[in-house]
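Read in order, the letters of the sequence shown are residues 125 to 448 in the working numbering. Data first, discussion second: the structure below is written as structure tokens.
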Amino acid sequence: MSEAIMEVTTATPATAVEIPANIEAQKLARKKAEKIALENNKLHKRLCRLVGQAIGDFNMIEEGDKVMVCLSGGKDSYALLDILMTLRERAPIHFDIVVVNLDQKQPNFPPEILPAYLTELGVAFHIENQDTYSIVKRLIPEGKTTCSLCSRLRRGILYRVADELGATKIALGHHRDDILETFFLNMFFGGKLKGMPAKLVSDDGKHMVIRPMAYVKEEDTERYAEVKGFPIIPCDLCGSQENLQRKQIKAMMRDWDKKFPGRVESIFSAMSNVAPSHLMDGKLFGFTDLKADGLANPMGDIAFDEEPCSTPTTFGATIPLQAV
Ligand code: SF4
125 MSEAIMEVTT ATPATAVEIP ANIEAQKLAR KKAEKIALEN NKLHKRLCRL VGQAIGDFNM
185 IEEGDKVMVC LSGGKDSYAL LDILMTLRER APIHFDIVVV NLDQKQPNFP PEILPAYLTE
245 LGVAFHIENQ DTYSIVKRLI PEGKTTCSLC SRLRRGILYR VADELGATKI ALGHHRDDIL
305 ETFFLNMFFG GKLKGMPAKL VSDDGKHMVI RPMAYVKEED TERYAEVKGF PIIPCDLCGS
365 QENLQRKQIK AMMRDWDKKF PGRVESIFSA MSNVAPSHLM DGKLFGFTDL KADGLANPMG
425 DIAFDEEPCS TPTTFGATIP LQAV
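Below is the structure:
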């Protein structure tokens with residue numbers, strides 16, 4: 125047998141093996157792509173459902189509203205805008221959206237990104253240029269935290285812009301985890317049982333501020349931003365460190381989520397299920413005037429018993445005393 129013929133005969137089986145392997149790899153890749161597309165579609169539907177639900181529960185948007193969406197360039201505000209635009213297409217009511225970005229003149233802020241993105245999207249927008257960065261740097265001594273003055277200045281500017289644009293609602297991108305973090309911060313460090321409301325009247329009494337992402341997990345906005353490829357602008361351009369206490373609370377919640385699934389959800393549900401008579405705030409419940417009126421109340425307090433959280437509540441099904 126010549127050398128040439130030998131080469132051909134050894135090469136043929138190798139090619140024959142490669143073809144099916146390629147097909148198999150292609151099939152696997154297609155399946156993987158289909159699975160990812162399905163997951164992404166589910167994520168989009170979930171975000172629409174949760175945002176729609178929050179809007180409905182708190183009556184956030186009404187017929188004829190002009191919603192000013194505050195877009196910082198972070199993942200959450202991009203997600204808010206994207207989902208609100210989808211919901212506007214489907215809503216039985218008419219409302220307008222105008223996007224506002226406040227360019228605070230932070231070092232290295234890329235001013236071209238948002239106008240390009242919003243023009244491409246075809247949504248009405250306004251970029252407000254105000255150098256709050258210099259003001260904050262001038263007034264706050266080096267090393268001191270700048271956030272409180274910075275956000276006060278930002279708030280004032282956004283209220284003024286809302287007036288100028290005739291906006292009836294100001295929409296912010298805070299999500300469920302922001303609300304919970306604020307709740308824990310207030311409780312751990314401020315001695316208050318107070319979160320971040322889904323809807324509130326602004327401190328100047330003139331504007332309605334809404335948080336349509338109130339039911340959305342941060343994990344979902346992170347993934348949605350990846351899926352959609354939003355042109356994210358980093359949030360640390362001002363050079364301020366992220367609040368250490370907030371960072372710790374975020375880590376605590378992520379840890380709970382891993383170790384005790386459902387705990388964070390349960391705490392969030394508790395925020396909509398408050399019993400002032402079972403707390404200690406005399407401004408919310410008239411403890412001092414409380415009187416026994418002699419009327420039985422099946423929902424009333426059971427005084428000395430443990431709350432039957434996870435044990436059966438029907439008398440017949442409770443554990444016999446002698447077994448305890
Ligand atoms: S992190 Fe920077 S931009 Fe944000 S509120 Fe604080 S100082 Fe302002």
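Heads up, the beta-carbon is just placed ideally off N, CA and C, and yes, glycines get one too. Only a predicted model underlies this, so the values are computations on that prediction, with no experimental measurement involved.
Which residues share a DSSP beta bridge with residue i?
i: Leu204; result: DSSP output for Leu204 lists no bridge partner at all.
i: Ile356; result: Partner(s): none; Ile356 has no beta bridge.
i: Val333; result: Ile294 and Leu324
i: Lys190; result: Asp220
i: Asp479; result: This structure cannot speak to residue 479, because the chain is shown only from 125 to 448.
i: Ala248; result: Val222
Nearest-angstrom Cα distance between residue i and residue j?
i: Gln446; j: Pro422; result: Confidence at Gln446 is low in this model, with a pLDDT of 37, below 50, so its placement is unreliable and the value that follows should be read with caution. Cα-Cα distance, rounded: 26 Å.
i: Phe354; j: Phe233; result: 16 Å
i: Phe428; j: Asp417; result: 19 Å
i: Met184; j: Lys383; result: 35 Å
i: Gln369; j: Ala215; result: 39 Å
i: Leu449; j: Val260; result: Any question about residue 449 goes unanswered here, given that the chain covers just 125 to 448.
i: Ser101; j: Lys371; result: Here the chain covers residues 125 to 448 and nothing more, so residue 101 does not appear.
i: Gly176; j: Val223; result: 19 Å
i: Trp380; j: Tyr241; result: 37 Å
Consider the C-beta atom of residue i and the heavy atoms of the ligand SF4; say whether any pair is separated by less than 7 Å.
i: Cys271; result: yes
i: Val260; result: yes
i: Cys362; result: yes
i: Ser390; result: no
i: Cys274; result: yes
Count the other CB atoms, across all protein chains shown, that sit within 10 Å of the CB of residue i; report buried if there are 16 or more and exposed otherwise.
i: Gly314; result: exposed
i: Asn115; result: Because the chain in this structure spans residues 125 to 448, residue 115 falls outside the shown range and cannot be described.
i: Glu163; result: exposed
i: Gly319; result: buried
i: Ile426; result: exposed
i: Ala203; result: buried
i: Thr435; result: Confidence at Thr435 is low in this model, with a pLDDT of 43, below 50, so its placement is unreliable and no value can be given for it.
i: Ile147; result: exposed
i: Asp200; result: buried
i: Asn225; result: buried
i: Lys415; result: exposed
i: Pro400; result: exposed
i: Ile217; result: exposed
i: Lys341; result: buried
* To do: Check whether the stretch 294-303 touches the stretch 190-197, counting contact only when three or more Cβ pairs, one atom from each stretch, lie closer than 8 Å.
  => Counting Cβ pairs under 8 Å, three or more are found: they touch.
* Asked: Below 8 Å, can you find three or more Cβ-Cβ pairs linking the stretch 220-231 to the stretch 331-348?
  -> no
* Sufficient close CB pairs (3 or more, under 8 Å) joining the stretch 342-357 to the stretch 163-174 -> The stretch 342-357, when compared against the stretch 163-174, does touch it at the 8 Å Cβ threshold.
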